[in-house]
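**Q** Protein chains in written order, with the working numbering: chain Z, 727 to 835; chain Y, 727 to 835.
For each residue, glycine too, the CB sits at the ideal point set by N, CA and C.
I have a structure here, written as structure tokens, and I will follow up with some questions on it.
There are 2 protein chains.
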Amino acid sequence: MTYPLLQELNLLHANVCQALADPKRILILYALAERPRHVSALAEALDIPQPTVSRHLALLRQQSLVLTMREGPAVVYRLADPRIIEALDTMRAVLIGALERQSGLLAVD
Amino acid sequence: MTYPLLQELNLLHANVCQALADPKRILILYALAERPRHVSALAEALDIPQPTVSRHLALLRQQSLVLTMREGPAVVYRLADPRIIEALDTMRAVLIGALERQSGLLAVD
DNA sequence: TCTATGTATTCGCATAATCGAATAGACGGA
DNA sequence: TCCGTCTATTCGATTATGCGAATACATAGA
């Protein structure tokens, strides 16, 4: 792969990571992993104002991390790819590992 | 897990994602995945000013994504956890999937 | 067409991240 | 101890991001 193309891909790659880099969006993604939901259901379940949820969903949608489907008056959101959760889980495992190392809870061997 | 604790964990989780959310840092992490390197070696290989590389490494180190080891006058950086690359690769696969869907290159099936 | 419900967007502000350039600091060898 | 090399930090300016509040838009049913 040529270097300029790699940089372009890395920019998109960074955009995807950026979309994951918010506590509320992580919460939303895990909630959508349980099952698809519409906006106000997410807002109520996560105790986040509806416009805020809507904006986060718009951002996730812009990065193609979620897909939408109209269902009557509501819009149902679902994960675009189950591997999103896989990636989040892997990063969470890395985080847990780092926390354990730092706190010395697993300072053995 | 209690809700406040989950939010706290999600905040740290988001910080980790944030650390990955930069093209130069992605480049740096993949370079370190090949082999550990010192700062100026990274700067030269990636064609990024040394102070910039240093700042990015400081951020990655702050999130415990890289570890350091002094080696004579130089400081050698290495990945703290190979799963970081695993997570990046998974996200990249998600990205590629999204691009394919969008461009309709794989509009078959 | 009018209304009610659900969703998206705009505005203004506050916060935070990035960069280039310059500089400061740390280490090993002589 | 002094010097040269390598790394880290500071400064100022720019750009981007997230939020609350208010509002606009879209859809289904009567």
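How far does the beta strand (DSSP E) with residue 794/Y in it reach, from first residue to last?
**A** Here the beta strand (DSSP E) through residue 794/Y covers 792-797.
**Q** Near residue 807/Z, which residues of its chain fall below 8 Å by C-beta distance, leaving aside the five closest residues on each side in sequence?
**A** 791
**Q** To the nearest angstrom, how far is the alpha carbon of residue 761/Y from that of residue 747/Y?
**A** Across the structure, residue 761/Y and residue 747/Y are spaced so that their CA atoms are roughly 21 Å apart.
**Q** Flag this pair as yes or no: are the beta carbons of residue 786/Y and residue 751/Y separated by less than 8 Å?
**A** yes
**Q** How would you call residue 800/Z, buried or exposed, if buried means at least 16 neighbouring beta carbons within 10 angstroms?
**A** exposed
**Q** With 8 Å as the limit, tell me which residues of the segment 817-828 of chain Z have their beta carbon closer than that to any beta carbon of chain Y; keep them in chain order.
**A** 817, 818, 819, 820, 821, 823, 824, 825, 827, 828
**Q** In chain order, what residues of the same chain have a beta carbon less than 7 Å from the beta carbon of residue 819/Y, not counting five sequence neighbours either side?
**A** none
**Q** With 7 Å as the C-beta to C-beta threshold (strictly closer), list the residues of the segment 733-749 of chain Y near chain Z in chain order.
**A** 733, 736, 737, 738, 739, 740, 742, 743, 744, 746, 747, 748, 749
**Q** I want to verify the contact list: residues of chain Y whose CB lies under 7 Å from the CB of residue 809/Z, in sequence order.
**A** Result: 816, 819, 820.
**Q** Please confirm if residue 731/Z has its CB atom under 8 Å from at least one CB of chain Y.
**A** no
**Q** Taking only beta-carbon atoms, is residue 833/Z less than 8 Å away from chain Y?
**A** Low confidence applies here, because residue 833/Z scores a pLDDT of 47, under 50, leaving its location unreliable; read the following figure in that light. No, because no Cβ of chain Y sits closer than 8 Å to the Cβ of residue 833/Z.
**Q** Please state whether DSSP places residue 763/Y in a helix, a strand or coil.
**A** strand
**Q** According to DSSP, which residues form a beta bridge with residue 804/Z?
**A** In the DSSP assignment, the residues bridged to residue 804/Z are 793/Z.
**Q** Run the CB neighbour count on residue 816/Y, radius 10 Å, all protein chains shown included, and call it buried at 16 or more, exposed below.
**A** buried
**Q** Is residue 813/Z close to chain Y, meaning its C-beta is less than 8 Å from at least one C-beta of that chain?
**A** With a threshold of 8 Å between beta carbons, residue 813/Z makes contact with chain Y.
**Q** Excluding the five sequence neighbours on either side, which residues of its own chain have a C-beta within less than 8 Å of the C-beta of residue 802/Z, listed in chain order?
**A** Result list for residue 802/Z: 762, 763, 764, 794, 795, 796, in chain order.
**Q** Check whether the Cβ of residue 752/Y lies closer than 8 Å to any Cβ atom in chain Z.
**A** yes
**Q** If I'm right that residue 772/Y touches residue 757/Y with Cβ under 8 Å, what's the distance once you round it to whole angstroms?
**A** That pair is a contact at about 6 Å.
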